[in-house]
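The structure appears right after this line, and notes come after that.
Residue numbers (my numbering), protein chains in the order written: chain A, 1 to 549; chain B, 1 to 327.
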């Protein structure tokens, strides 16, 4: 192409200026609706809710995809669970009216609510629950369907329907996690007919028959999904204070990939809820009267798991120096808003067993430097520490499942630089991250939601097929004992004592380096939308939602 | 003549089949170089907490543990028998996914192509015939302006203005006529730029030809001269360009569809690439190859009509354009 003439250059510049001015003007001018507050009052029947989400790519084969942060939103409206887990991890009856724990938590009896039906009219009875339990525990490898990851499958023996509303479940060893896991977002009750369908038919959302307050009216994969309320629904969780049919007539899930467009569409009043908005926008959206919910799920916090088998984190001094070399308050102040809270352990604060170990996570760069000095890491000419000719450095890859971790990691790299640790950043996408998870670099971000603290036992060591997050194998005697103790505990009190010990030990050893309490699901809501509650997995319940006039 | 044309057509058809098969194989090879696959990526999500054995069991069910070359031949065998297979991500039939997405993209790309051609002709005509020096000069800079503003900026500005401020359309219903128009506009603006530049350059060239001087001396008005004598020869390179632009439209559709929330081939590609959904990608790339080959063939057939100097046997000697894999 010809060299641009001066006029062309001016025009090009002008184009950019015009475009950006228009954008700025557009952003600044978004008229603020008057804040309507979070008024209470009598729920109003009717209304159609539009929910914007960035993608529904995982498909609709239940235990293959219901774990996804996106699909989980929709599953929660069309299905029920046996147990309801609230934001504090408290369990309450849902389809299981009550339950009993027998023989040191190796056997359980579930008493089901009577008269519950799937949306095709078939009964949600004991036989249906047994079919679901079997699938959660074992999956269906012949169909290519995995088990539900967090379900205690390895010690699951069998489930029997003793009568039409009673299920007896047997485990080969104590399974304290069984009842809480029934409230997990992966353990959704589906019609046995659905579960027996071939894979490609299960992929058709219309064939997914649940017993939830909404049913699928129409859908187009990757585009939009319309749910309508079930008029004869009478079995909502009592904990929500409402058990009858939903107030809303329909919920439409619409895929809008771009975060800015999702946000603006709700701000302009063309939609009611936007899922996952930028944390930086929260303040101004709240000021305009919009609701922003930042529910925390029960589980592990945001932060790093440490590979103790490779350089440089095989040195306990390095791990401890990083632990006290991270200024968590600065992360909260810089990357997040006041809706986020600092980690007090490597478990989220709403997990009942989580203790407050803030003192072990305090920012103390002098202590970090002392630790490194004592361990023989000397500061080199470039400001980074060296030992035996090796520079103290490692590479961090932000967690693509939590986009804000990139800003977090950039800040941590700066903080650790001041104590002489060199941190390189490598940004990867989801598929690249899967490879990193498998490789386990010195520090990697892994988080997970769970309903029962017993889940933690499965990641600590390599015992009993454990995931061995920290690559210790079975080398750490104390951790082996704690892991076995938590996994085999038959009562919650003794397990809580072990969990307390465990958190202290793991943080002291620098096996896990938490940063902040994780908020992975953010909801921007229309000010008129009332009555939205969140469960223990940080999913919104639109079952109880309604629009004020 | 017909015998020669028949051989030519047969040869072109055979070339087309080879191009499509190569596109299919190439897609597979490119994706298989990347680490991971959609099944393992989903299962490895730390949220799932599945053990390595459990993951391997499922991966084996999908045949993803087999050697790449065996997987390739299995999928090639299905492809030649017309079976596009199932998406690894959603487990839905690929043919269904394509069928759902195609109408939306055709509407978008068709409207965009029409708009782009209109823009290009208007700009080129104005640059040639507007009175004075300033206005034509400005118009001649418009293509560079159109090229330098990124597609997504145009899209976001249009959405902010027409959807959020003026409520001309809603992003919730992106397939409505108005929403389709604005999405097409977003796509058409950068696409019209090279077309306009070529038209301007050719009009400049043709209007310096002696026959134009003759025509004007016989008293033809500017408009009639433009319509009857200049457009046809100036269109020739533009027609060849349109064939290339189809590729650009498919590429641009990815961004435009993403911003406007349209569920089309572009978004399908984008999702398939991020999740490494090989069966979907192979099908889309093959489809793109088919479209590309057909459009280029059409361009080759139209060219002789615009310019009698182009003989069919000379056209046959032209080389096949390369396959463009949309990003």
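Note that beta-carbon positions come from the ideal geometry of N, C-alpha and C, so glycine has one too.
All of these numbers come straight from a predicted model, not from anything done at the bench.
Check, Outcome
"Using a C-beta to C-beta distance shorter than 9 Å, which residues of chain B count as neighbours of residue 255(A)?", "261, 263, 267"
"What residue range does the alpha helix (DSSP H) around residue 503(A) cover?", "492-509"
"Where does residue 123(B) sit, in a helix, a strand or coil, going by DSSP?", "helix"
"Against residue 271(A), what residues of chain B qualify as contacts under a CB-to-CB distance less than 9 Å, listed in chain order?", "170, 171, 172"
"Under a Cβ-count criterion, where at least 16 other Cβ atoms within 10 Å of its own Cβ denotes burial, should residue 338(A) be classed as buried or exposed?", "exposed"
"Go ahead and pull the three-state DSSP assignment for residue 353(A).", "coil"
"Just verifying my parser: in three-state terms, what is the DSSP assignment at residue 467(A)?", "coil"
"Anything in chain A within Cβ reach of residue 256(B), meaning under 9 Å, just list it in chain order.", "Per Cβ cutoff of 9 Å: no residues; residue 256(B) is ~11 Å from chain A at best."
"Here's the rule: buried if 16 or more other CB atoms are within 10 angstroms of the residue's CB, otherwise exposed. What is residue 277(B)?", "buried"
"Tell me whether the region 207-214 of chain B and the region 141-157 of chain B touch, counting them as touching only if at least three CB pairs, one residue from each stretch, are closer than 8 Å.", "no"
"How big is the Cα-Cα spacing for residue 53(A) and residue 273(A)?", "9 Å"
"DSSP three-state label for residue 311(A), please.", "coil"
"Return the CA-CA distance between residue 108(A) and residue 178(B), expressed in angstroms with no decimal places.", "59 Å"
"I'd like to know if residue 538(A) contacts chain B, where contact means its C-beta is closer than 7 Å to some C-beta of that chain.", "no"
"Quick check on DSSP: helix, strand or coil for residue 303(A)?", "strand"
"Can you grab the Cα-Cα spacing for the pair residue 485(A) / residue 494(A), in whole Å?", "9 Å"
"If you drop the 5 nearest sequence neighbours on each side, which residues of the same chain put their C-beta closer than 8 Å to that of residue 35(B)?", "none"
"When you compare the CB of residue 75(B) with every CB in chain A, is at least one pair closer than 7 Å?", "no"
"Would you mind giving the Cβ-Cβ distance between residue 325(A) and residue 416(A), rounded to the nearest angstrom? I have them listed as a contact below 8 Å.", "5 Å"
"Mind checking which residues open and close the alpha helix (DSSP H) that includes residue 190(B)?", "177-207"
"At which residues does the beta strand (DSSP E) containing residue 72(B) begin and terminate?", "Where residue 72(B) is concerned, there is no enclosing beta strand (DSSP E), although the alpha helix (DSSP H) it sits in stretches over 68-80."
"Output the boundary residues of the beta strand (DSSP E) element that contains residue 398(A).", "Residue 398(A) -> no beta strand (DSSP E), and no H or E assigned at all."
"Quick one: what's residue 530(A) bridged to in DSSP?", "546(A)"
"Can you list, in chain order, the residues of its chain whose CB lies under 6 Å from that of residue 106(A), leaving out five sequence neighbours each side?", "171, 174"
"Is there contact between the region 184-194 of chain A and the region 64-82 of chain A, where contact requires at least three CB pairs shorter than 8 Å?", "yes"
"In the region 39-53 of chain A, which residues sit with their C-beta less than 9 Å from some C-beta in chain B, listed in chain order?", "50, 52"
"Give the DSSP bridge partners of residue 422(A), in chain order.", "393(A)"
"How do the region 112-124 of chain B and the region 188-195 of chain B stand: do at least 3 beta-carbon pairs fall below 8 Å, yes or no?", "yes"
"Using alpha carbons as the reference points, say which of 29(B), 8(B), 10(B), 13(B) lies closest to residue 282(B).", "29(B)"
"Should residue 184(A) and residue 213(A) be called a contact, given that it needs their Cβ atoms to be closer than 7 Å?", "no"
"Output needed for residue 472(A): all residues of its chain with C-beta closer than 7 Å, excluding positions within five of it in sequence on either side, in chain order.", "308, 461, 479"
"Kindly identify the DSSP beta-bridge partner or partners of residue 293(A).", "523(A)"
"Would you please state the rounded distance, in angstroms, between the beta carbons of residue 254(A) and residue 50(A)? I believe it to be under 8 Å.", "6 Å"
"Using a beta-carbon distance below 7 Å, is residue 86(B) in contact with chain A?", "yes"
"Determine the DSSP secondary structure at residue 167(B), reduced to helix, strand or coil.", "coil"
"Are the region 160-177 of chain B and the region 220-239 of chain B touching, with three or more C-beta to C-beta distances below 8 Å?", "no"
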